[in-house]
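Worksheet: the structure to be examined is printed underneath.
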Amino acid sequence: MVLVGRATEQETLARLLASARLGRGGALVVAGEPGVGKSALLADALDGAGADGGVRVLGTTPAETEQDLAFAALHALLRPALGLLDDIPAPQAAELGAALSLRHGSGRDRFAIGAATLSLLSRFAEDGPVVLVLDDVQWADRPSVDALAFAARRLRDDPVAVLLAGRSGELPDAVLALPRLDLAGLDPGATATLLATAFPTGTARPPDVLHRETGGNPLALLELAGDPVDAAAGLDAPGLPRALPGRLQRAFARRLDALPAEARAVALVAAAADGDLRLTRAVCARLDLDPARLDDAERAGLLSAADGRVVFRHPLLRAVVHGDAEPALRRRVHRTIADELGPADEDRRAWHRAAAATGLDEGVAGALAAVGDRASARTAFTVASTAYERAARLSPDAGDARSRLVASARAAWSGGQPGRALALLDEAEPPAGPWSVAGAQLRATVALRAGSVRDGLDLLERAADLAGVDDGVLLLAEACRASMYLVDTVALHRVEERLAAALPEATSPVSGAVGLAASGATGVLLGRDTTDRLAAAVGRLAAVDPLAHPAALPWLMLAPLFLRDRERGAELRALVDEVRTRVGVGALPDVLFHVARDQATSDAWDRAAANYDEAARLARETGQGGELAMALAGLASLESRTGRGAACREHAADATVLCEERSMRFGVVWCELALGDLALSEGESGEAVDRLTALAATLDERGIGDPDLHPGPELVDALLRTGRPAPARTVAERFADAAAATGRPWTRARADRALALVVPDDDEADRLFASALAHHARTRDVFERARTQLAHGMRLRRSGRRVAARAALRDAWDTFDDLGAQLWGATARTELEATGEHVVPRERHGPGALTPQELQVCLLLADGRTTRETAAALFLSPKTVEYHLRKVYTRLGIHSRDELAAVLADAG
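Under full-length UniProt numbering, think of the first position of the sequence shown as 1, with each following residue one higher.
In structure tokens, the structure reads:
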């Protein structure tokens with residue numbers, strides 16, 4: 001059938017499909033009210049695509065009942081491509097195979113399925129352009145929609161067009177960020193053309209009246225124009241529009257009422273059986289109904305039966321068939337379907353048993369809870385949440401009902417529904433209590449990740465009160481981390497005391513290692529020397545499998561970071577580097593943030609920038625505001641050092657807003673330090689003094705004793721540049737006193753540099769600079785060493801020792817230049833030239849000339865990974881990896897992966 005009045009929309013879809021045929025992918029969501037012609041528009045586009053040949057279609061239209069069946073829509077869509085499952089990286093093949101019940105196993109997290117879907121679609125498209133079509137997306141199970149949306153956002157370099165259609169106001173959240181086409185009703189001219197074609201002899205009411213009443217909705221025009229009852233009703237209220245879905249349902253109900261009772265019953269069976277013709281016939285036989293009576297409905301134009309399927313004229317009609325049936329008959333049909341399905345299809349069988357239930361029933365509740373267990377194992381958490389909740393509603397025992405509601409809440413949280421999770425928790429365990437350990441811990445997790453860190457801290461401590469010793473230690477360790485983010489020393493003292501009391505009673509090696517690391521880190525923030533404690537924790541953590549014990553994962557990087565020691569922590573860095581390729585997408589932003597932070601304290605700045613950028617990108621896509629805030633703060637800190645002022649200020653501003661929303665003062669401290677140090681490097685010494693003085697006062701007010709967070713050395717430099725030596729000396733001496741209590745080489749090096757800047761005697765300054773450099777040699781932070789060399793060289797030059805100054809300044813300039821610290825490098829170059837040495841500026845080349853994502857691609861390829869493995873690790877399509885690689889080859893003037901590996905090796 002030729003579409004009427006849709007030329008603009010047809011052109012939009014045609015361009016998308018043409019782009020896919022040329023190798024450039026895209027996605028589009030077609031949204032509109034029921035009956036407006038979404039399905040017809042998609043069908044027309046596919047007819048056009050098929051006419052050109054070579055385009056393969058993956059498509060499905062889910063029934064409303066399928067939204068509670070885990071990955072039903074995804075399985076239906078990908079079925080033609082599943083023969084290529086073993087062509088994608090093995091871990092992804094295992095994840096997707098388990099999700100679709102094709103292989104044994106369980107998933108890591110819900111985002112991994114989207115990454116695997118991306119890889120499979122990309123592989124399928126290697127053999128020719130693909131159009132993926134999901135109609136009635138509002139009824140697809142949410143895990144399938146999440147996976148498809150994840151893939152659709154990344155298929156821009158593949159010959160894949162993704163078309164989704166759904167009802168306005170009912171679209172799943174996952175597709176809202178995709179390009180959208182809102183389909184309105186036909187205009188008056190198109191309305192008249194449609195009606196003239198469908199009703200050659202004319203309609204009971206003029207086309208303009210029908211258009212006014214229906215808004216040009218094509219289904220409403222065709223159904224109501226020939227309905228004498230509706231026509232009479234319409235004359236009673238001329239010109240007044242009415243709710244179309246309800247009006248259409250009444251029209252469909254009148255047509256159903258005209259059928260014999262047995263025909264209506266058979267149509268009910270077909271509706272309840274999701275259009276499965278074989279199942280419909282089998283159930284009719286059990287109910288002593290004649291399935292041939294479907295012909296009555298088919299002759300009435302209400303449905304069609306072919307190719308093993310019963311297809312209703314419109315989903316609204318199917319809803320009328322099911323909803324208007326006698327409740328007793330409807331339950332009997334569902335019960336009979338459950339009996340016919342048997343144990344071979346447990347999930348569908350459980351849902352039909354639930355639809356047939358008339359009261360509390362532990363048998364049905366247990367079956368639904370098992371559905372939830374299976375869905376959770378496949379990372380279909382939203383489906384699991386629905387199953388657990390329904391199980392709770394049918395549970396005769398109050399305790400079982402509560403535990404199943406908590407399970408539903410946990411699944412809702414894992415599925416990205418924090419509001420639903422809290423509502424279920426409040427029903428299961430009222431906020432006033434009493435709480436279970438599981439419920440209290442879940443409340444804390446939701447607060448920490450999606451709400452207020454302050455609330456999360458309180459909830460963690462309450463959960464620790466309820467837990468056993470080992471679980472309590474892990475909860476208190478997380479409470480220590482929350483206190484750090486809050487920069488709350490009162491809480492740190494309180495939690496650390498509880499942790500110290502509990503640690504001797506811990507029996508689990510994991511709890512012991514994590515608790516020791518948390519205690520050591522807390523001690524550092526409180527100004528104590530806990531080096532031995534942290535060193536012991538590093539040794540114990542090396543024996544922990546962080547995939548089996550996720551609570552240990554952040555501490556694998558935090559313990560070495562707090563040590564700031566070149567010699568210790570290497571084994572944990574190697575473990576994290578191996579683990580990061582196997583953790584789920586949901587956990588990756590936090591892991592990448594800590595990896596980047598560690599790299600930023602060494603000479604691997606390019607890699608740190610790439611990992612911060614990737615952490616921020618994934619945090620945005622997975623809705624993790626706290627992780628996004630810290631990744632942006634990390635970027636701001638690094639950009640301050642590289643002299644990228646505009647980017648630093650932008651990221652610091654964004655991070656500050658996010659941190660303040662969540663009471664994450666730690667991130668705000670980082671941003672203020674970054675902005676103060678940036679001002680210092682830009683020569684804005686007055687601004688630097690103001691910012692750094694305010695930051696120092698804030699830390700003092702909060703009782704933070706950790707000199708590593710304090711801007712003392714930077715403030716000393718800024719004060720001296722503004723001609724204030726007396727306050728600079730006071731700051732330097734106070735900082736040195738605090739550093740002496742820590743014993744950490746990184747801290748003591750910075751303290752000696754600050755003192756060297758303010759002492760009047762050159763010999764004493766030389767001694768302090770030498771001491772600082774000796775401490776620097778025990779750390780991985782070459783940037784801080786270069787700042788010490790710069791400060792020493794500047795003092796040597798000003799005291800007339802130009803030859804000695806050159807060596808220090810040349811070393812400083814070399815390091816700044818290698819790191820990409822542009823403004824600090826410019827200062828070192830100016831000072832070096834003032835000694836009489838000619839310095840030739842060097843252009844950034846190698847990895848420093850690449851974008852963060854290009855560098856990520858290159859690093860993985862240089863490590864020996866294939867294009868597919870690299871794409872899987874970065875959650876990109878292989879075509880996107882190839883696109884980045886072509887750009888890198890051009891930019892670096894190379895032609896092979898061997899040359900690429902050599903460039904990266906030369907850059908360190």
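All C-beta atoms in this analysis are idealised placements derived from N, C-alpha and C, irrespective of residue type, glycine included.
Helix, strand or coil at residue i [DSSP, three-state]
i: Thr867; result: helix
i: Gly26; result: strand
i: Val160; result: strand
i: Leu547; result: coil
i: Leu58; result: strand
i: Phe150; result: helix
i: Leu240; result: Note that Leu240 has pLDDT 32, beneath the 50 cutoff, so the model's placement of it is unreliable and the number below is only indicative. Coil, per DSSP.
i: Asp182; result: strand
i: Ala93; result: helix
i: Val310; result: strand
i: Arg475; result: For the record, residue 475 in the displayed sequence is Leu; it is not Arg. If DSSP states are grouped into helix, strand and coil, Leu475 belongs with the helices.
i: Gly166; result: strand
i: Ser122; result: helix
i: Gly323; result: helix
i: Leu303; result: strand
Own chain, CB closer than 6 angstroms to residue i, minus 5 neighbours either side, in chain order
i: Asp811; result: Gln789
i: Arg331; result: Ala356
i: Gly215; result: Gly185
Span separating the alpha-carbon of residue i from that of residue j
i: Glu223; j: Ile113; result: 42 angstroms
i: Pro80; j: Pro143; result: 20 angstroms
i: Ala609; j: Ala652; result: 15 angstroms
i: Asn217; j: Ala184; result: 8 angstroms
i: Pro418; j: Gly586; result: 15 angstroms
i: Gly234; j: Arg154; result: Residue placement at Gly234 cannot be trusted, given a pLDDT of 44 that sits under 50; what the coordinates show is reported in the next sentence. If I take the Cα positions, the gap works out to 49 angstroms.
i: Leu17; j: Val36; result: 22 angstroms
i: Val283; j: Glu340; result: 7 angstroms
i: Leu547; j: Asp109; result: 12 angstroms
i: Arg313; j: Arg299; result: 12 angstroms
i: Gly59; j: Ala220; result: 26 angstroms
i: Gln67; j: Val383; result: 8 angstroms
i: residue 926; j: Thr656; result: Residue 926 lies beyond the range of the chain shown here (1 to 908); nothing can be said about it.
i: residue 910; j: Pro841; result: Nothing about residue 910 can be read from this structure; the chain reaches only from 1 to 908.
i: Ser896; j: Ala871; result: 18 angstroms
i: His549; j: Val538; result: 16 angstroms
i: Asp603; j: Arg806; result: 22 angstroms
i: Leu719; j: Val839; result: 29 angstroms
i: Glu733; j: Ala740; result: 11 angstroms
i: Arg750; j: Ala450; result: 37 angstroms
i: Thr197; j: Arg309; result: 29 angstroms
Option in the options with minimal Cα separation from residue i
i: Leu329; options: Asp68, Arg410, Ala267, Trp139; result: Ala267
i: Gly667; options: Glu298, His211, Ser637, Ala688; result: Ser637
i: Ala251; options: Leu287, Asp324, Glu614, Leu850; result: Asp324
i: Trp139; options: Ala70, Gly202, Leu78; result: Ala70
i: Thr336; options: Leu279, Asp295, Arg617, Glu831; result: Leu279
i: Leu541; options: Leu556, Asp737, Leu809, Glu95; result: Leu556
i: residue 923; options: Leu632, Ala263, Ser395, Glu497; result: Residue 923 falls outside the range modelled here, since the chain spans only 1 to 908, and no answer is possible.
i: Gly512; options: Val524, Arg533, His493, Leu526; result: Arg533
i: Trp351; options: His776, Glu64, Thr193; result: Glu64
Contacting residues, own chain, Cβ-Cβ under 8 angstroms from residue i (five flanking each side not counted)
i: Met515; result: It should be pointed out that residue 515 corresponds to Gly in this sequence rather than to Met. Cβ neighbours of Gly515 beyond the five flanking positions: Val473, Leu474, Leu476, Ala477, Leu499, Ala502, Leu503, Ala506.
i: Arg702; result: Val487, Asp488, Thr489, Arg665
i: Phe593; result: Asn611, Tyr612, Ala615, Glu627, Met630, Ala631, Gly634
Close Cβ partners of residue i (< 7 angstroms) along its chain, the five nearest in sequence each way excluded
i: Val446; result: Trp413, Pro418, Ala421, Leu422
i: Leu84; result: Leu120, Arg123, Phe124
Closer than 7 angstroms: residue i CB and nearest the ligand PLP heavy atom
i: Thr870; result: As for the ligand PLP, it is missing from this structure, which has no ligand bound.
* **Any 3 or more C-beta pairs closer than 8 angstroms across the segment 636 to 647 and the segment 420 to 432** => Flag = no, the segment 636 to 647 and the segment 420 to 432 do not touch.
* **Any 3 or more C-beta pairs closer than 8 angstroms across the segment 587 to 602 and the segment 778 to 788** => The segment 587 to 602 vs the segment 778 to 788: in contact.
* Asked: Is there contact between the segment 278 to 288 and the segment 247 to 264, where contact requires at least three CB pairs shorter than 8 angstroms?
  -> A contact is defined here as three or more CB-CB pairs under 8 angstroms, and the segment 278 to 288 fails this definition with respect to the segment 247 to 264.
* To do: Flag this pair as touching only if the segment 156 to 175 and the segment 16 to 30 have three or more C-beta atom pairs under 8 angstroms; answer yes or no.
  => Segments in contact, yes.
* To do: Inspect the CB distances between the segment 763 to 775 and the segment 788 to 804 and report whether three or more fall short of 8 angstroms.
  => The segment 763 to 775 vs the segment 788 to 804: in contact.
* Asked: Does the segment 131 to 138 come close enough to the segment 88 to 104 to have 3 or more Cβ pairs within less than 8 angstroms?
  -> With fewer than three CB-CB distances shorter than 8 angstroms, the segment 131 to 138 does not count as touching the segment 88 to 104.
* Cβ pair count under 8 angstroms reaching 3, the segment 881 to 899 against the segment 849 to 869 -> Yes: the two stretches touch, three or more of their Cβ pairs being nearer than 8 angstroms.
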